[in-house]
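Undergrad:
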Amino acid sequence: MARVDVIMPQMGESIAEGTLSKWLKKVGDEIKRDEPIFEISTDKVDAEIPAPSAGVLAEIIVKEGETVAVQTVVARIETEKGAAVSASAPGSEPAADGGKPAAAAADGSEASAKGGSPATPQREVTPANESSTHRPAAPAIAASHAGNGNSFEERLRTKSSPLVRKIAAEHGVNIATLSGSGIAGRVTKRDILGFIESGAAASTAGRGAGRLAGAHDLPLPTPWAGDTVEPMSKMRALISDHMVASRRTSAHVTSFIEIDFTRVARIRAKKRAEFEAATGQKLTYMPFIIKAVTEGIKAFPIMNSSVAGNSVIYRKQVNIGVAVALDWGLIVPVIKRADDLSLSGITRALNDLAARARAKKLSPEEVQEGTFTITNPGVFGSLMGTPIINQPQVAIMGVGAIEKRPKVLTGTDGEDTIAIRTCAYFSLSFDHRVIDGAVADQFLAFVKKTIEGFPDAVL
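All you need for my numbering is the position in the sequence shown, starting with 1, plus 256.
1. With DSSP as the reference, please indicate the residues paired to Tyr681 in a beta bridge.
2. Mind checking which residues open and close the alpha helix (DSSP H) that includes Lys490?
3. When you compare the CB positions of Ala594 and Asn607, do they come within less than 8 Å of one another, or not?
4. For the beta strand (DSSP E) holding Gly709, just list the boundary residues, first then last.
5. Assign Glu273 to one of two classes, buried (16 or more other C-beta atoms within 10 Å of its C-beta) or exposed (fewer than that).
6. Three or more beta-carbon pairs under 8 Å between the stretch 472-491 and the stretch 574-589, yes or no?
7. Helix, strand or coil for Met640 per DSSP?
8. Can you find the residues in the same chain that come closer than 6 Å, C-beta to C-beta, to Lys592, ignoring five residues on each side of it along the sequence?
9. How many Å lie between Pro477 and His688 at the Cα?
10. Under the three-state reduction of DSSP, which class applies to Ser619: helix, strand or coil?
11. On the three-state DSSP scale, how would you describe Pro723?
12. Within a Cβ cutoff of 7 Å, which residues of the same chain sit near Leu700, ignoring the five residues on either side of it in sequence?
13. Just grab the DSSP bridge partners of Arg259 for me.
14. Helix, strand or coil for Thr666? Go by DSSP, reduced to three states.
15. From the DSSP output, in three-state form, read off Met559 for me.
16. To the nearest angstrom, how far is the alpha carbon of Asn251 from that of Ile546?
17. Report yes or no: do three or more beta-carbon pairs, one from the stretch 669-679 and one from the stretch 646-654, lie closer than 8 Å?
18. Take Ile691 as the anchor and find which of Ile317, Ser562 and Arg259 has the nearest alpha-carbon.
19. Can you tell me the Cα-Cα spacing of Tyr541 and Glu530, whole angstroms?
20. If you reduce the DSSP assignment to three classes, tell me which class Ile317 lands in.
21. For Leu222 and Ala605, which I take to be in contact (beta-carbon distance under 8 Å), what is that distance rounded to the nearest angstrom?
22. If you reduce the DSSP assignment to three classes, tell me which class Glu349 lands in.
23. Go ahead and label Val588 buried or exposed: buried means 16 or more other beta carbons lie within 10 angstroms of its beta carbon, across all protein chains shown.
24. Chain C beta carbons: is any one of them nearer than 8 Å to that of Val714?
25. Can you check whether the CB of Leu434 is closer than 8 Å to the CB of Val443?
26. For Ile652, which residues does DSSP report across the bridge?
27. How close, in whole Å, do the beta carbons of Thr518 and Arg661 come, if the pair is a contact with beta carbons under 8 Å?
28. On the DSSP bridge list, what partners appear for Arg661?
29. Taking just the CA atoms, how far does Phe636 sit from Asn646?
30. Starting from Ala481, trace the beta strand (DSSP E) in both directions and tell me its first and last residue.
31. Kindly list the residues whose CB is nearer than 6 Å to the CB of Glu349, restricted to its own chain and excluding five residues on each side of it in sequence; keep chain order.
32. Just how far apart, CA to CA, sit Glu291 and Ala534?
33. Going by beta carbon distance, what residues of the same chain come within less than 6 Å of Arg612, once the five residues before and after it are set aside?
34. Between the Cα of Gly634 and those of Asp447, Ala680 and Phe294, spot the shortest distance and give me the residue it belongs to.
35. So which of Ile658, Phe556 and Ile305 has the shortest CA-CA distance to Leu280?
36. What did DSSP end up calling Lys727 once you bin it into helix, strand or coil?
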């Protein structure tokens, strides 16, 4: 007999956990390799996760609706047909084996142990009107005697996961003063959230714990007569956390530039039918934009970096994430090594990823390791915007509506004339910790020059 662990995959570089939203198989079902067995939700993707091996679903460890750390074992597959099946089912308690998956899930330490210490870990958000029966039971945690942090027990508590330490810092809680439910008193995610929800954290902050200012300091709005109250979807709640965390992490600044697409529009109109007949791909403006951005990154490598404390990581790979709007949220599939692709190669990769994103057919690898992101609100008519950086990246470009406008042009004789040009406003939100305004503007100018100067033979 052999059993294969099914783990919670990491669906993005900045994702520390995922929510198992639905089991597609039940205990005892036969499973084929790569057959979808459960669905997960993160702030980046809703996806079906395939089975790593063929066999029988022998044990379900993580129930529907639970949020666990990446690399947590969520189920086990018996690879020999007809072997004994565990009694554990979606409605039962997880098996209390030596691996203690529930403890690992609650404290998020698995992600750190696997080397996946994400730059912006997420934490579960519980809607205000959700029944208390669906919320994690408040753990038996209490503030211990005020210590100096030198005892063995206090040192163990402060070695909680990065996610727990981040939550504690946001709420001004000194982990060393708490007694956790983890191994040797280690404070888990469930512990810290239970402590905060008990109201004890607020009194601690009032005594000078230095709680960070933010949305948690404001009173929650209450519904009025006739209002409708709906809980956030899991994906929306996680996006909310990710966006707030990014604002707190990066020093956001946004610059704007207007780009003339008239030349690209003519190239596209002239060769569109031939291109689509030869490749079977729809030709939009976005591949031209991606190509210009990859050239700009080569000229300004800081745009393709990440901040790690007091160090800057310059990424060798140029992996362009392109935001795709879905009916249920937002997803950012990634075109890997986009700088090595031709315009037709970028078009093919872009159309394929966007189509599979809308069909929930993306694999975890296809939303990971982005180094620069492009978002395109212009498809909805928006002229410009100030997008939030996708952590742990340092910049994101927003593309406004590409439309015809009257422009003043100066002829060869020096005379000004008014002409109809196809133009768009681009925005660049960048992290001022490592990118100066002059560099950001030079990068934008480079992208502008590249787009406005594409040769006819680009296709």
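The beta-carbon is built from N, C-alpha and C at its ideal position, and this holds for glycine as well. Since we're looking at a predicted model, the values are computed, not measured.
TA: Based on what the coordinates show:
1. Glu514
2. Run containing Lys490: Lys490 to Thr505, per the alpha helix (DSSP H) assignment.
3. Judged by their CB atoms, Ala594 and Asn607 are not nearer to each other than the 8 Å cut-off.
4. Taken as a continuous stretch (DSSP letters only), Gly709 belongs to no beta strand (DSSP E), as it is neither H nor E.
5. buried
6. The answer is yes - the stretch 574-589 touches the stretch 472-491, with three or more Cβ pairs under 8 Å.
7. coil
8. Asn575
9. When the Cα atoms are used, Pro477 and His688 turn out to be separated by approximately 33 Å.
10. coil
11. Here the chain comprises residues numbered 257 to 715, so residue 723 is not present and cannot be evaluated.
12. Ser511, Ile513, Phe682 and Leu684
13. Glu334
14. Thr666 falls in the strand class under three-state DSSP.
15. helix
16. Nothing can be reported for residue 251, as the shown portion of the chain is limited to 257 through 715.
17. no
18. Ser562
19. 16 Å
20. coil
21. Outside the modelled stretch of the chain, which goes from 257 to 715, sits residue 222, for which no answer is possible.
22. At Glu349, the pLDDT of 40 sits below 50, so the modelled position is not reliable and the matter cannot be decided from this model.
23. buried
24. Absent from the structure is chain C; it holds one protein chain and no more.
25. yes
26. Paired residue(s): Thr629 and Ser685.
27. Thr518 to Arg661, Cβ: 10 Å. No contact.
28. Arg677
29. 21 Å
30. Looking at the DSSP string, Ala481 is not in any beta strand (DSSP E), and its letter there is neither H nor E.
31. Unreliable positioning characterises Glu349 in this predicted model, as indicated by a pLDDT of 40, which lies under 50. The coordinate reading is nonetheless provided below. Its chain contains no residue whose beta carbon lies nearer than 6 Å to that of Glu349 once the 5 sequence neighbours on both sides are disregarded.
32. Looking at the two C-alpha atoms, the distance is approximately 34 Å.
33. Exclusion of the five residues before and after Arg612 leaves Leu618 as the residues of its chain whose Cβ lies within less than 6 Å of its Cβ.
34. Ala680
35. Cα-wise, what sits closest to Leu280 is Ile305.
36. Past the edges of the chain, shown from 257 to 715, lies residue 727, and the structure says nothing about it.
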